[in-house]
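Under my numbering, the first residue of the sequence shown is numbered 1, with each subsequent residue one higher. Ideal Cβ positions, reconstructed from N, Cα and C, are used throughout, including at glycine.
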Amino acid sequence: MNNYKLFVFITFFCGCLTGCNLKSKDLEVKINQDHLCVFKNNSKTYYGLDNTFLIYLGKIDYNKDFKSTYEKLYTNVPLPIDEKNCVAIPLKEIERNIAYEIILDTNKSFHTSICLIDDDNKLEVRYVEPGKSTCN
């Protein structure tokens, strides 16, 4: 009987670890004409100090310190909590087929890793798996 209880406990524990550790994106990214549209897709997002938020991005290279290649501070504008109020990042700021980390700093930091893929002259956003630094 003890082996049965142990088996049930281990099964429940492993199931909880797997189910509770769902992979989720903090930020949504879409392409709109000549820019990326970045937003949180969550109305429970709040401003940082002085009604400001910061968006920045940089290439992913785990062998070097993070270096921002684009950043912009927003003051007294609507938070990017949905696609309608997204933050625009010009496409010219992002090299194709290179992994980037995009960070939104409000009262918390939210992030996602993406690649901008040029597939037969059609641009597409692909999310990069956590811990990866390539677009494959």
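With contact defined as three or more Cβ pairs closer than 8 angstroms, the region 61–81 and the region 114–130 are not in contact. The residue among 110, 98 and 108 with its C-alpha nearest the C-alpha of residue 117 is 98. DSSP lists 59 and 114 as the beta-bridge partner residues of residue 100. For residue 124, the uninterrupted beta strand (DSSP E) run begins and ends at 122–127, by DSSP. Short of 7 angstroms from the beta carbon of residue 46, and not among the five residues preceding or following it, lie these beta carbons of its own chain, in chain order: 106 and 107. Inter-residue distance for residue 76 and residue 39 is about 16 angstroms (C-alpha atoms, whole angstroms).
In this structure, the beta-carbon distance from residue 55 to residue 123 does not fall below 8 angstroms. About 6 angstroms separates the beta carbon of residue 103 from that of residue 109, a gap short enough to meet the 8 angstroms contact definition. If you draw a straight line from the Cα of residue 42 to the Cα of residue 87, it is about 14 angstroms long.
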